Each structure stands twice: as C-alpha cells, then as structure tokens.
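Engineer:
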Amino acid sequence: MWDVLRQISGLDFDEKIGFAAAVLIFILGFEIYVVMRVFEKVTDKHHAEWSEPLFRPLRNRFYILTLLVFLNLTRWWVKPEDMFESITDHSGPSVQDYFYTAYILLATSIVSVSIKHVLPSTLKTLDTEESVVLSGGHHLAVLTSRLLVWVAGVNLALQEIHIEMLGMLASLAVFSIFLGLAVQQTMGNILNSFLLDIDHPFEEGDRVQVGEHRGIVVSMGVLSTKLLTLEEELVVIPNNTLVNSTLINSARGGGGGVAGRVALRQEVGVAFDEDPNHIKAILLIVAQGCEYVLESPRPRVLMTEFDDYSKNFMLYAWIDDYNNERFARDLLLMDIDAAFSREGIQIPYPTTHEMRDLPTIPPEVLAVKAKARRSAVAFMKNEGMMLDIEEERRQRAEEVRANLLQSLEKWEDDEALVDDFLTEEE
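Residue numbering for the sequence shown follows the numbering used here, beginning at 74 and increasing consecutively.
#1: Could you name each continuous beta strand (DSSP E) segment of 3 residues or more that falls completely within the segment 309-356, going from the start of the chain to the end?
#2: Determine the burial state of Gln169: buried for a count of at least 16 other Cβ atoms within 10 Å of its Cβ, exposed for fewer.
#3: Name the DSSP beta bridge partners of Lys62, please?
#4: Between which two residues does the alpha helix (DSSP H) harbouring Gly28 extend?
#5: For Ala214, which residues of its own chain have a beta-carbon under 6 angstroms away from its beta-carbon, when the five flanking residues on both sides are left out?
#6: For Ile321, which option in Ala360, Arg280 and Glu304 has the closest C-alpha, if you only look at C-alpha atoms?
#7: Given this structure, state the Cα-to-Cα distance separating Phe267 from Val224, to the nearest angstrom.
#8: What residue range does the beta strand (DSSP E) around Thr259 cover?
#9: Of all the options Val374, Leu337 and Asn262, which has the alpha carbon lying nearest to the alpha carbon of Pro311?
#10: Since Lys299 sits in a beta bridge, which residues does DSSP pair it with?
#11: Does the Cβ of Leu379 have 16 or more other Cβ atoms within 10 Å, making it buried, or fewer, making it exposed?
#12: Taking C-beta to C-beta, are Arg287 and Leu303 nearer than 8 angstroms?
#13: When the distance is taken between beta carbons, is Leu141 closer than 8 angstroms to Leu179?
#14: Quick check on Ser167: buried or exposed, where buried means 16 or more other Cβ atoms within 10 Å of its Cβ?
#15: Is the beta carbon of Leu388 sitting closer than 8 angstroms to the one on Gln339?
#16: Helix, strand or coil: which one does DSSP assign to Gln282?
#17: Per DSSP, what kind of secondary structure is Arg447 in: helix, strand or coil?
#18: Within a Cβ cutoff of 8 angstroms, which residues of the same chain sit near Glu398, ignoring the five residues on either side of it in sequence?
#19: Use the C-beta contact count for Gly226: other C-beta atoms within 10 angstroms, 16 or more gives buried, fewer gives exposed.
#20: Specify whether the segment 403-419 and the segment 343-355 touch according to this definition: at least 3 beta carbon pairs, one from each stretch, less than 8 angstroms apart.
#21: Between which residues of its own chain and Leu315 is the CB-CB distance below 8 angstroms, once the five residues before and five after are set aside?
#22: Mind reading off the beta-carbon distance from Tyr136 to Leu97? Whole number of angstroms is fine, and I expect it under 8 angstroms.
#23: Taking the alpha carbon of Leu216 as the point to measure from, which residue in Lys189, Asn133, Ser182 and Ile105 has its own alpha carbon closest?
#24: Could you give the residue range of the alpha helix (DSSP H) that holds Phe400?
#25: Any idea if Ile90 is buried or exposed, counting beta-carbon neighbours within 10 angstroms, 16 or more meaning buried?
#26: Let me confirm a value: Leu144 is counted as buried when at least 16 other C-beta atoms fall within 10 Å, else exposed. Which label applies?
#27: On the criterion of 16 or more Cβ atoms from any shown chain inside 10 Å, does Tyr365 qualify as buried, or is it exposed?
#28: Applying the criterion that 16 or more other CB atoms from any shown protein chain within 10 Å of the CB defines a buried residue, is Pro435 buried or exposed?
#29: Have a look at Arg134, Val308 and Ala93 and flag the residue whose alpha-carbon is nearest the alpha-carbon of Ile105.
#30: Is Tyr389 helix, strand or coil when you go by DSSP?
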C-alpha cells in the first residue's frame, strides 16, 4: 500500500495530471450512478412538495462542488508549495482565495435555491383558514430572503479577493443616477414586471381587460405583456401601463368557487301597454332554456326604468365559462326575438316623418303679415310717438306709487285702531 502511494507521489507533472483526471472521472461516475440514485430513491419516498423540484438543482451544484474540491486538492498535490500561498503572500489575492470565493458563491447558490423550493411549502403549512394571508406575500418573503442571502454571500466572496462591496457601490452611485434618468421608462417596466410577478394578478391564458383592450394573455415579459384580442390582434402593453391601470380578469372573477363564471346582463325594452309579469315570465323561460345558462344561480329579471318609448327590463343569467359569453348572448337574443314574435310583444322604437314638400302660405296671409311688419317699423321710427309712450308709462308709475302710499297709510291707521282695542281690553 505504501509502495503504491510512494510510486504515485513520485510521478512527474504530466503523469500526475493524467492520474488526477482518471480519478476525477471515477469519482463523478460513482456520484452519478451510485450516490445520486440512492438520493433519488430517498426523494421518491419523501412525499414533500419541494423534494423533487429541489433535487435536480442541488444535484448539479453537488457536481460543481466535487469538481472544485478535486481541482483544489489536485493543485496542492501537484504543487505543494501553493498550499500556504494565501498565508505567506500578501501582495494580492492568491489562487486559493479565488477557490474560497467560488466555494462561498456555490454555498450561497445552494442556500438560495433551497429557500426557493422549501420556504413556500413551509409558509403554506403555517397558514390557517382563519388567518389573513396577503396575496403574493409568500412570494415576496421568498424573494426578500433570497436577495438577503445573495447580498451577504457576494459581500463575503468579494472580501476574499480583497474587494470592498460598499466602496464599489459608493463609486457607482453618481453613475447610477445618470443611468437611471436615461433609462427611467425601461427600468420602470423592468421593476414593474417584478411587482406583477409578486402580486400575480393574472396568468398566461387568462382573459383580461386593460382600458379598452380585452384579450387572452399570451406572454408576460420583462418590459411588456402581450394580449391576443378576440379579433386576433396582438396588443403589446408596457408593464408601467399595467401597474397604473385598472385590470379586469375574467378568469378569476367568478363566485361560488367557479373562477371562470360570469354574469351575463341583457337589457330588453317593450311597449308601455305590455304586462310586466308577462314579460318577466317570457324572459325567464327563454333564459332557463338556454344551454349555456347555469341552473344555479337561477336567472333573474328586474324591471329597471320607464324610458321615453318603452318599459325596460334587465335579464341576469350566469354562465360557467367566460369564453362562451358571446355565444350565450347570441342564443339568448335569438330566442327572445322568437318568443316576442310568438307572443305578439311589441318592441318600440322612435319614429320620424319625412316631409318632401313644404306647406305653402296663401298670398293674402303673406300680405297681412307684410303690412303688420311695415306698421311696426314705422311705429318704432316715430320719435314723437315714442316720447308719448314714455310719458304715459311715467304717469302710470306715479299712479301706482300713489295707490301704494294710500294703502300703507290706511294700514297704519288700522294698526293704531288694533292697538287701542288691545289696550282697552287689558
């Protein structure tokens, strides 16, 4: 045994490299075909939600760790003087320091990916039915934890190669300000994409409405979200617009545990001489006979208003899939039209009369109007007559004023009589 070890240690540089490569291949093969299969069987027996998704990324990182450790040991074996390089040489970061940096970053990656898969399941088990859970709160906790782990890991790794992270960030502060102003819109879209990922208001395949645009979400990117409208047009909406707009998600709005359920409303107007109870009965029969309308909740009909030409009713019906809304409305309208025609129910509408020939005015009427118009003009031009009118108005005003004064004096006399009467009574 010792003879074999002495022979191995006596190999020259090239022979040591070849021997190390052969040993590395053997170790990796042993890990792949023996160790990992054992771990895979253990994972299959473990029914945790996170076990299988976590196994694959950890397996790859375990291979990288094996490679790094073996390369570091091989370097010490080939050149033993490098083992104490980081202790004796203080002129700058040594090769060993870079290996330590790689170890720290790899450990940080392992902790981060473990948090990604284990923490959400752990938080779900801690939630109770009575507790209030913020939508997206688990995702935010995972993202914050991973960010803190990476900040600490990168800081430790940079310290190994003699780089101060805080000093580097301070030197980039001014440059970051100018860069942020230059790419404000782009950075806003990128940050808002993370906010949308945290809040998670929709998924690919959901039908949403943003402003006047309504369609199916086909892609969610870093800068924008793409909708395919019902007219099969692709609408690209910046993430800034999504965050600052009111969004309607038809795929998650249903009640009663049915996410895709939607309430279909249809207004119907009938003539004023129609019986409201008759109209309600007809609309309910039509709605209950529609193949898309659910039995529960049951359809409802309400009388909403008296319009200028009609009595208006609102039909409420529920369908289980928002994708069938247009087909359900089409079928309901056709059945309502057929039922109204069968029952003789009138749907009123405004009417207009077109007069092709204007009515003619008799000549004698036109002559009388012309004479009256000339008399009025002459009357207005006669200044003397206008002065007489003004004088007559002034005299009438004086007469009215005198009559008012007489009435007031009489009222005062009557009030004095009343006071004397009250005094005598006392």
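Heads up, the beta-carbon is just placed ideally off N, CA and C, and yes, glycines get one too. Values in this document were obtained by computation on a predicted structure and should not be read as measured data.
Structural biologist: With the structure as the only source:
#1: 320-322 and 335-343
#2: buried
#3: Because residue 62 is not part of the residues shown, which for the chain are 74 to 499, the question remains open.
#4: Here the chain comprises residues numbered 74 to 499, so residue 28 is not present and cannot be evaluated.
#5: Excluding residues within five positions, none has a Cβ falling inside 6 angstroms.
#6: Arg280
#7: 18 angstroms
#8: Premise fails: Thr259 lies in the alpha helix (DSSP H), Gln257 to Asp272, not in any beta strand (DSSP E).
#9: Asn262
#10: Ser292 and Val309
#11: It is worth fixing the name first, because residue 379 is Phe in this sequence and not Leu. Label assigned to Phe379: exposed.
#12: yes
#13: yes
#14: buried
#15: Yes.
#16: In the structure shown, Gln282 sits in a strand (DSSP, three-state: E or B).
#17: helix
#18: Val335, Leu337 and Ile392
#19: The residue in question, Gly226, is buried, as its Cβ has 16 or more Cβ neighbours within 10 Å.
#20: yes
#21: Asn265, Leu269, Val283 and Thr298
#22: Between Leu97 and Tyr136 the Cβ distance is about 11 angstroms, and since that is not below 8 angstroms, they are no contact.
#23: Lys189
#24: Glu398 to Glu416
#25: exposed
#26: exposed
#27: Classification for Tyr365: buried.
#28: When all chains shown are included, Pro435 counts as exposed.
#29: Closest by C-alpha distance to Ile105, out of Arg134, Val308 and Ala93, is Arg134.
#30: strand
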